[in-house]
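Here's the structure we're looking at; comments come further down.
This is the structure in structure tokens:
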């Protein structure tokens, strides 16, 4: 059998404006779809209602907001982090809906298996937590607290300071972006692998029917469930790490 | 949400769905190694050359064409982000963020706050109602206790009055009995006296008559009467 390179699973051809900086392909359509879905959810959820118990789409939006507030902001930044709620909520929903498309029939591609959005968001997060740190502590205070964390003996700063410099200012955005991107790539590869395996075994006939029905296909279903969890988890991890970085910049270690 | 906003939402949704459908796995045909090699060979022939001609040109031409063919098996980079996707993805996020700051987040947060305030107000009202009910209950209990005390007092008072009435009745009855006894005694005394007087008169008349006939002496009437009275008094003093 002749398979195209793995990259072909992720690199989709342009649909409109090919060859320009505004070329639109499947990945871009998923980004736009994520924006529209999030907007619709929040528009519908924000309508005035007299019911005491939220239901349906209102419940989805309010659960998301409450989840971000209680499990992300209050756990990492504290009450003063509530001003970042819109940013973190936007980030969570945008990443989640860009991820979850990997298990939606017909679409079947996590937009974050492309590096564009993870890298862009990571760069934005890098910018935000550094600006927050400088505004909260002043430039020199922020640098001092970041590069010379209190605790270790002075002699150890020869080792600690370069590590902190690299980890805080260089590695963080890369780790943030690559974690999300790599998880989505791996998930997509898993689903594609089991889907192709099922189709191939089924096409082979004979024992292949049994193999497809009892091995690869059930495994594909299991993996779809697992990827739904991963989609949520990666959105949560990206968001909570963003909050951790912002919180760390606002409150220097004592 | 107005009807116009809803129509715009539906139109955008349908547009995105149509776009996603056209970009679905069935619609997209990624380039394969075979088709890529085939295209390179076609390009070579269209340029007026051929594999034989390349071999005749020498090793450099063959190596150059081989390098060109190598590109067919090179996978597109997974980790290098595409500029168009960065522009669209980044602007999509910023548009969504702007919308959330402007409308989405405040609306949902407002609804949540309004509900929380309503629940708090309802709890306060329930608390106040509970306090009021407890106050009314204690008032009723106090009134009940007062009524019970009043009833007990009235019963005691009635009992006392009954005792008094009973005592008065008994006393009056005793008085009446005593009075009746006294009256009866007086009546008996008067009757006795009357009887004595009558008897005295009768006896004196009889005695006078008898004495006149016995002694035949003329005594005047007043002397006889005095004599009889003296006799009767003597008899009464003995009796």
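Residue numbers (the working numbering), protein chains in the order written: chain G, 32 to 285; chain Z, 325 to 563. Glycine included, each C-beta is placed from N, C-alpha and C at the ideal position. All values reported here derive from a predicted model rather than from experimental measurement.
Could you tell me whether the Cβ of residue i comes closer than 9 Å to any Cβ of chain Z?
i: residue 62 of chain G; result: yes
i: residue 89 of chain G; result: yes
i: residue 125 of chain G; result: yes
i: residue 107 of chain G; result: no
i: residue 110 of chain G; result: no
i: residue 92 of chain G; result: yes
i: residue 281 of chain G; result: no
i: residue 273 of chain G; result: no
i: residue 233 of chain G; result: no
i: residue 104 of chain G; result: no
i: residue 199 of chain G; result: no
Find the nearest neighbour of residue i within the set the options, judged by alpha-carbon distance.
i: residue 149 of chain G; options: G/207, G/253, G/74; result: G/207
i: residue 214 of chain G; options: G/127, G/237, G/65; result: G/127
i: residue 52 of chain G; options: Z/451, Z/557, Z/375, Z/414; result: Z/414
i: residue 290 of chain G; options: G/100, G/124, G/123; result: Summary: the structure shown does not reach residue 290 of chain G, with chain G confined to residues 32 through 285, and so no result is reported for it.
i: residue 40 of chain G; options: Z/456, Z/402, Z/551; result: Z/402
i: residue 416 of chain Z; options: G/204, G/232, G/63; result: G/63
i: residue 431 of chain Z; options: G/164, G/266, G/75; result: G/75
i: residue 117 of chain G; options: Z/412, Z/404, Z/422, Z/410; result: Z/422
i: residue 156 of chain G; options: G/140, G/201, G/225; result: G/201
i: residue 204 of chain G; options: G/161, G/129, G/226; result: G/161
i: residue 140 of chain G; options: G/56, G/277, G/151; result: G/56
i: residue 525 of chain Z; options: Z/411, Z/509, Z/491, Z/550; result: Z/550
i: residue 143 of chain G; options: G/124, G/276, G/159; result: G/124
i: residue 265 of chain G; options: G/122, G/72, G/68, G/277; result: G/122
i: residue 147 of chain G; options: Z/561, Z/404, Z/491; result: Z/404
i: residue 78 of chain G; options: Z/357, Z/438, Z/379; result: Z/438
i: residue 521 of chain Z; options: Z/451, Z/557, Z/455, Z/429; result: Z/557
i: residue 271 of chain G; options: G/61, G/50, G/115; result: G/115
Taking the alpha-carbon positions, what's the residue i to residue j distance?
i: residue 47 of chain G; j: residue 279 of chain G; result: 43 Å
i: residue 408 of chain Z; j: residue 365 of chain Z; result: 31 Å
i: residue 507 of chain Z; j: residue 535 of chain Z; result: 40 Å
i: residue 354 of chain Z; j: residue 218 of chain G; result: Residue confidence is low: residue 354 of chain Z scores 49 on pLDDT, short of 50, so the model does not pin down where it sits. No coordinate-derived value is stated.
i: residue 488 of chain Z; j: residue 473 of chain Z; result: 22 Å
i: residue 483 of chain Z; j: residue 493 of chain Z; result: 15 Å
i: residue 440 of chain Z; j: residue 86 of chain G; result: 15 Å
i: residue 513 of chain Z; j: residue 545 of chain Z; result: 30 Å
i: residue 232 of chain G; j: residue 239 of chain G; result: 4 Å
i: residue 15 of chain G; j: residue 180 of chain G; result: This structure does not reach residue 15 of chain G, given that chain G is present from 32 up to 285, and the question cannot be answered.
i: residue 188 of chain G; j: residue 251 of chain G; result: 50 Å
i: residue 236 of chain G; j: residue 249 of chain G; result: 18 Å
i: residue 268 of chain G; j: residue 59 of chain G; result: 23 Å
i: residue 426 of chain Z; j: residue 165 of chain G; result: 26 Å
i: residue 433 of chain Z; j: residue 174 of chain G; result: 36 Å
i: residue 445 of chain Z; j: residue 418 of chain Z; result: 38 Å
i: residue 72 of chain G; j: residue 109 of chain G; result: 27 Å
If we define contact as Cβ-Cβ less than 9 Å, is residue i a contact residue for chain G?
i: residue 401 of chain Z; result: yes
i: residue 392 of chain Z; result: no
i: residue 470 of chain Z; result: no
i: residue 406 of chain Z; result: yes
i: residue 363 of chain Z; result: no
i: residue 397 of chain Z; result: yes
i: residue 479 of chain Z; result: no
List the whole-angstrom C-beta distance separating residue i from residue j, where the pair is believed to meet the contact cut-off of C-beta under 8 Å.
i: residue 103 of chain G; j: residue 274 of chain G; result: 5 Å
i: residue 229 of chain G; j: residue 241 of chain G; result: Residue 229 of chain G to residue 241 of chain G, Cβ: 12 Å. No contact.
i: residue 93 of chain G; j: residue 424 of chain Z; result: The pair is not a contact, with the Cβ atoms about 14 Å apart (cut-off 8 Å).
i: residue 222 of chain G; j: residue 258 of chain G; result: 6 Å
i: residue 281 of chain G; j: residue 167 of chain G; result: 5 Å
i: residue 552 of chain Z; j: residue 528 of chain Z; result: 4 Å
Verify the contact flag: residue i, CB atom, against every heavy atom of the ligand ZN, threshold strictly below 8 Å.
i: residue 83 of chain G; result: Looking for the ligand ZN in the displayed structure turns up nothing, as the structure carries no ligands at all.
Chain G contacts made by the region 429-452 of chain Z, where a contact means CB separation under 9 Å: Answer set for the region 429-452 of chain Z: 429, 430, 431, 432, 433, 434, 435, 436, 438, 439, 442, 443, 446.
For the region 33-54 of chain G, enumerate the residues whose C-beta is nearer than 9 Å to any C-beta of chain Z, in chain order. Hits within the stretch, in order: 33, 34, 35, 36, 37, 38, 39, 40, 41, 42, 43, 44, 45, 46, 47, 48, 51, 52, 53, 54.
Residues of the region 240-271 of chain G with a CB closer than 8 Å to any CB of chain Z: list them in chain order, please. Answer in chain order: no residues at all.
Pull out every residue of the region 412-428 of chain Z whose Cβ sits closer than 8 Å to any Cβ of chain G, in chain order. So the close ones are 412, 413, 414, 416, 417, 419, 420, 421, 423, 424, 425, 427, 428.
Which residues of the region 139-167 of chain G have a Cβ closer than 7 Å to any Cβ of chain Z? Give them in chain order. Taking 7 Å as the Cβ-Cβ cut-off against chain Z, the residues of the region 139-167 of chain G that qualify are 139, 145, 146, 147, 148, 150, 151, 152.
Determine which residues of the region 65-77 of chain G have a Cβ less than 9 Å from any Cβ of chain Z, and write them out in chain order. 65, 66, 67, 68, 69, 70, 71, 72, 73, 74, 75, 76, 77
Residues within the region 202-227 of chain G neighbouring chain Z, beta-carbon criterion of under 7 Å: 216
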